[in-house]
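Here is the structure we will look at, set down as structure tokens.
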Amino acid sequence: MTDLLKTTTGIVTAALLAASAATPALAAEKWDMPLAYPATNFHSENAAAFAACVTKGTGGEIEIVTHPGGSLFGGADIKRAVQTGQVPIGERLLSAHANEDPLFGIDSIPFLATSFDASVNLWKAAQGAVEEALDGQNLVLLYSVPWPPQGMYFNMEVNSVDDMNGVKFRAYNAATAKLAELTGMLPVQIEAAEVSQAFATGVAQSMISSGATGYDSKLWENVSHFYEVAAWLPRNSIMVNKDPWAGLDDATKKVFTDCAVTAEAEGLQKAKDYTTFTLDGLKSNGMKVQKPSDKLKSDLAVVGETMTEEWLKAAGDKGKAIVDAYKAM
Ligand code: PCA
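If you're matching positions, the sequence shown starts at -13 in my numbering and goes up one per residue.
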């Protein structure tokens, strides 16, 4: 090698080394990801795994940092925070925004999809339309994971809708508030992060939710019964603002979408595992976990029919097409 070539090679090597050392530092971006549920909840653990997957896959160019428990934004504010670009990414229970578009409430129609398998099918039928609705709001959907089946918590034995009359009911979306209204209960909207306090102070005496949220909130301290009604399985959706998304190159977008596919599959499995774990936890802490009586079931079915009719009316042709496609599966 001539001296000149040696020198040139040396300079080029030095420049390349400098460039490779500098690239991650220069391009590194921190993406804050607000989550509404506690760090130990399976959704939050799944989001943390997704965040680690993206951070690793991009070689640290994008570091996603999760903020569980509503610590950065409370549940009710997360969607707007992502939409307006206050944060690039976040997780939200989309059915709480059914007032913006009835399609967001597809996963909270009583007794339409009541098992994990059914929830997956319903999601297959609905995903395209929901993504389209989100696209119109400056959002890209990355993945979606169901909660365990929704049952009813009470601080007494309940065998019919009549027994619920006048009970103070904690709601988390429009469907749960409607359910309270149709059963003679008094709804108050409360995020999961405030559920323990609401029950401890008597603001709420009942709710419909998963064993998961009852367990996370140590609800056995204030309620005695959980009825496995399996009314629906609502979903958490992980969404990105379209502007930072558009700024990513194709290879980086692929890291996100590959990690999202993994997160959707692993999240589903975690949801199933957490169902058993948390129902056992409610029992071992002294709660009665049981199937509803036939009378309670048939009373709730009537309420469900009314809510289904109202949803179909609000969601129009698009909604009907999803339900028809799901039922044909
Ligand atoms: N837990 C959340 C939503 C559905 C669920 O199972 C909550 O109660 O807020």
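Glycine is no exception: its CB is placed at the ideal position from the N, C-alpha and C atoms. Source: prediction; values computed, not measured.
Could you compute how far the alpha carbon of residue i sits from the alpha carbon of residue j?
i	j	result
Leu12	Thr44	Confidence at Leu12 is low in this model, with a pLDDT of 49, below 50, so its placement is unreliable and the value that follows should be read with caution. Approximately 13 Å, taken between the alpha carbons.
Met138	Gly71	36 Å
Lys239	Leu128	10 Å
Ala314	His83	27 Å
Leu205	Gln276	16 Å
Val226	Asp235	15 Å
Ala22	Phe36	16 Å
Cys245	Leu254	14 Å
Trp297	Glu167	15 Å
Glu207	Tyr213	17 Å
Ile64	Pro74	11 Å
Lys164	Val181	19 Å
Sort out for me which residues DSSP pairs residue i with in a bridge.
i	result
Trp17	Ile50
Gln276	Tyr213
Ala157	Gln175
Glu143	Beta-bridge pairing links Glu143 to no other residue.
Met293	Looking at the DSSP assignment, Met293 forms no beta bridge with any residue, so it has no partner.
Gly76	Met225
Gly91	Its beta-bridge partners do not exist; DSSP assigns none.
Ser192	Phe155
Leu254	Paired residues: none, contrary to the question.
What is the C-beta distance between residue i and residue j, in whole angstroms, given that I count them as a contact (C-beta under 8 Å)?
i	j	result
Ala25	Glu49	About 18 Å separates the two Cβ atoms, so there is no contact after all.
Arg221	Leu80	6 Å
Lys154	Gln183	That belief does not hold up - the Cβ atoms of Lys154 and Gln183 are roughly 14 Å apart, past 8 Å.
Thr199	Ala178	5 Å
Ala34	Val131	Going by Cβ atoms, the distance from Ala34 to Val131 rounds to 13 Å, so no, they are not a contact pair.
Asp202	Asn27	5 Å
Lys228	Asn124	5 Å
Compare the Cα-Cα distances from residue i to each of the options and report the closest residue.
i	options	result
Tyr260	Val73, Asn32, Glu86	Asn32
Ala216	Asp266, Ala22, Ser196	Ser196
Ala301	Ile64, Arg66, Asn85	Asn85
Glu143	Ser279, Ala287, Val40	Ser279
Asp323	Met171, Glu214, Trp17, Glu291	Any property of residue 323 remains undetermined from this structure, which presents the chain solely from -13 to 315.
Suppose contacts are defined by Cβ-Cβ distances below 8 Å. Is residue i in contact with residue j by that definition?
i	j	result
Gly76	Val68	yes
Phe59	Pro96	no
Ala111	Trp218	no
Ala317	Lys306	No statement about residue 317 is possible, as the shown extent of the chain runs from -13 to 315 and does not include it.
Gly91	Arg78	no
Leu282	Ser101	no
Val174	Val189	yes
Ala119	Asp93	no
Val289	Val40	no
Is the shortest distance between the beta-carbon of residue i and the beta-carbons of chain B less than 8 Å?
i	result
Phe212	No chain B is present in this structure, which holds just one protein chain.
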